[in-house]
Structure formats: C-alpha cells, structure tokens
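See below for the structure under consideration.
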Amino acid sequence: MKWNNYIKDYQSYLRIERGLSKNTIENYSFDIERLCLFLETNQIDVSPIKITDETIQQFIYSVSKEVNPRSQARIISGLKSFFNYLVFEDYRNDSPLELIESPKTGRKLPDTLSIKDIDALIAAIDLSSNEGERNRAILETLYGCGLRVSELVSLKISDLFFDEGFIKITGKGNKERFVPIGKLTKKYIEIYQDEIRVHLNIKKGCEDTLFLNRRGNQLTRAMIFTIIKDLAVKIGLNKNISPHTLRHSFATHLLENGADLRSIQLMLGHESITTTEIYVHLDRSFLTEVMHSYHPRK
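The numbers in the sequence shown follow full-length UniProt numbering, run straight up by one, and end at 298.
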C-alpha cells in the first residue's frame with residue numbers, strides 16, 4: 001500500500017527524534033492504520049501526500065459513529081501529528097487536518113473502586129490454579145503500586161528491590177522511577193515466583209520478565225484486561241473497569257488517607273501535577289470533611 005513507507009519513516013521519527021516509547025508509537029500508528037482501513041473499505045485510492053481534508057472529514061464522520069468523543073479526539077490528535085510530520089519533511093505543503101477541530105470531551109473523572117470492591121475482586125480469584133496465584137500477584141501489584149498496564153507486563157525481576165522496599169518502573173518515554181512496594185504485594189509476588197514461575201518452561205528472551213503466561217511468554221496488555229473484566233463479572237460488579245481503574249483507585253485511596261499530590265505524582269510517574277489532579281478524583285463529601293478538619297476557621 002502507498003502508505004507503508006511513510007508510516008515506517010514516521011515511526012522512526014517518533015522513536016529516534018522524539019524518543020517515544022514502543023507503546024506510544026503503536027498507539028499513533030493504530031490511528032493511521034484505521035484511516036488506511038477506511039480508505040481500503042471505501043475503495044479510495046489515495047496516498048498520504050494527495051489525501052484531502054474532505055476525505056479526512058468523511059473518515060472522522062465514520063469514526064464518530066463508532067467511538068466516544070474522547071476516543072475521537074485522540075484519533076484526530078494522532079492524525080494531526082502524522083500529517084504535521086509530512087509537512088515538516090516537505091512531503092506536503094499543508095495538513096489536511098489544519099481546520100479540523102477535536103470534539104469537546106470535558107473533564108472525565110475516572111472510575112474508582114472502593115477497598116471493599118478490590119478485596120472482593122482479589123477474593124474471587126481461583127487460587128487452586130497456577131494462574132490464580134499469578135493473577136493475585138498481578139492485581140496486588142497493579143493496586144499496590146499504581147502501575148500502568150504496560151508497566152506491569154514489562155516489569156522485570158531485576159527491577160525488584162525488595163530489601164530496599166522499592167520496584168523500578170520504566171514508564172512513558174522510557175523514564176524510570178522508583179515506587180515503594182508494600183509487604184502484602186511483596187509477599188504475593190514472592191509466592192508466585194517461588195511456587196509457580198519457577199516451574200514454567202520460560203521462553204528465550206523472557207528470563208527476566210516477572211509475569212508470564214502458562215507457556216512461559218510475556219503477558220499481553222489484553223490478557224490483563226481480560227483477567228480483570230472476568231473477575232468483575234464473577235462478583236457482579238456493575239462498573240466498567242480496567243487495569244487503569246486499579247491505578248486510579250491506588251491514587252485516590254492514598255489521597256483520601258492524607259498523602260500529598262506531589263508524592264502521588266512521583267509514584268504515578270506524571271510529568272505534570274495537573275495530570276495528577278485530573279487523574280485523582282474525590283467525592284464532595286470528602287473535600288468538605290478535609291476543609292472542616294484542617295482549615296483554621298472551620
């Protein structure tokens with residue numbers, strides 16, 4: 001297809017010049033591939049150099065029927081980045097998305113789980129299977145350390161500094177941070193390592209990867225989503241949850257128990273504290289309680 005070489009060049013630019021992580025590059029590429037699929041399905045034979053704003057508008061209209069405004073805005077942002085790159089490299093004179101605005105999404109507050117919900121999820125894990133011990137360690141790590149799902153699946157044994165009480169996380173943009181690890185999380189990781197992982201036929205290249213599937217390969221992000229969704233169904237939890245929900249809950253519970261935003265920002269790996277403020281939400285009753293507890297003129 002006419003797009004492949006341009007996409008490969010763009011991916012190299014994102015990796016080498018902008019230093020973006022593999023996951024971020026995959027997300028950017030997915031947006032372009034979605035546009036390519038639209039062109040192919042509708043038999044529109046056009047290169048990225050010749051595509052017009054009218055065709056892009058048709059694509060966005062098509063996408064708007066399938067995804068929510070937030071996802072739509074992300075796709076538009078990804079395409080803008082790609083076509084701005086083509087302009088920067090003198091492949092095009094202008095971007096076909098120059099006049100296209102992203103839909104207003106508002107500030108969406110993330111879902112969180114109560115401590116009771118999290119306890120119920122973990123209690124629902126079938127510990128009679130080898131995968132059960134692994135899944136308990138996974139949920140405890142996601143919630144206990146506030147990790148992104150991409151950080152969890154790429155976590156290395158060599159990143160575990162249990163004696164010092166920390167784990168080393170490689171986050172967005174390959175930036176490293178150290179996150180404290182609690183005794184319970186450490187306990188369940190050690191049980192998984194000593195009783196389950198040690199018996200796996202570990203595939204080449206995965207020797208240092210902590211969490212593995214039954215075949216000894218690294219887990220995918222999709223597998224973690226499935227594990228959590230299945231547990232939610234099992235306990236009848238009427239919330240649309242994902243691995244990120246445990247991360248949101250980690251931050252919210254810390255804040256509710258007196259942790260400061262700056263500390264939470266460092267643990268989550270956010271560049272800006274503004275992101276942390278959006279990420280962490282509190283109900284109004286808790287804010288009122290804080291004000292009455294700590295304001296000098298309460």
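Cβ atoms here follow ideal geometry from the backbone N, Cα and C, with glycine treated the same way.
| Does DSSP classify I224 as helix, strand or coil? | helix
| task | Enumerate in chain order the residues of its own chain whose CB-to-CB distance from T245 is below 8 Å, with the five nearest sequence positions on each side excluded. | result | P110, D111, T112, L113, I228 and K239
| task | Can you give me the start and stop residues for the alpha helix (DSSP H) that F82 sits inside? | result | P69 to F88
| query | To which residues of the same chain is N130 closer than 6 Å at the C-beta, ignoring the five residues directly before and after it? | reply | I196
| message | Please report the straight-line C-alpha distance between I7 and Y85, rounded to a whole angstrom. | response | 10 Å
| message | Tell me the DSSP secondary structure of Q193 in three-state form. | response | helix
| query | From K22 to F82, what does the alpha carbon distance come to, in whole angstroms? | reply | 16 Å
| Should E160 and L152 be called a contact, given that it needs their Cβ atoms to be closer than 8 Å? | The question names Glu, but residue 160 in the sequence shown is Leu. No, the pair does not count as a contact, with Cβ atoms beyond the cut-off.
| query | What first and last residue would you give for the beta strand (DSSP E) that runs through E176? | reply | E176 to P180
| query | Of all the alpha helix (DSSP H) runs that stay within the bounds of the segment 38-68, which reach a length of 4 or more residues? | reply | 53-64
| task | Please state whether DSSP places T209 in a helix, a strand or coil. | result | strand
| query | Is it a yes or a no for the segment 53-61 touching the segment 86-101, going by three-plus beta-carbon pairs under 8 Å? | reply | yes
| query | To which residues of the same chain is T276 closer than 8 Å at the C-beta, ignoring the five residues directly before and after it? | reply | A251, L261, I264, Q265, L268 and H270
| Burial state of L147 (16 or more Cβ within 10 Å) | buried
| request: Give the single residue among P48, Y28, L35 and F162 whose Cα lies nearest to the Cα of S77. | output: Y28
| By Cβ distance below 7 Å, which residues in the same chain neighbour I235 in space, the five residues on each side in sequence not counted? | A120, L121 and A124
| Leaving out the 5 sequence neighbours to the left and right, which residues in its chain are closer than 8 Å to N201 when beta-carbon positions are compared? | R215 and G216
| field | Buried versus exposed call for residue 309 [16 or more other C-beta atoms within 10 Å across all chains shown] | value | Outside the displayed span of the chain (1 to 298) sits residue 309, for which this structure offers no information.
| message | Just verifying my parser: in three-state terms, what is the DSSP assignment at I25? | response | helix
| Hey, would you say F162 sits closer than 8 Å to K186, going by beta carbons? | yes
| request: Under 8 Å Cβ to Cβ from I241, same chain only, skipping five residues before and after it: list those, please. | output: D111, L113, I228, K229 and A232
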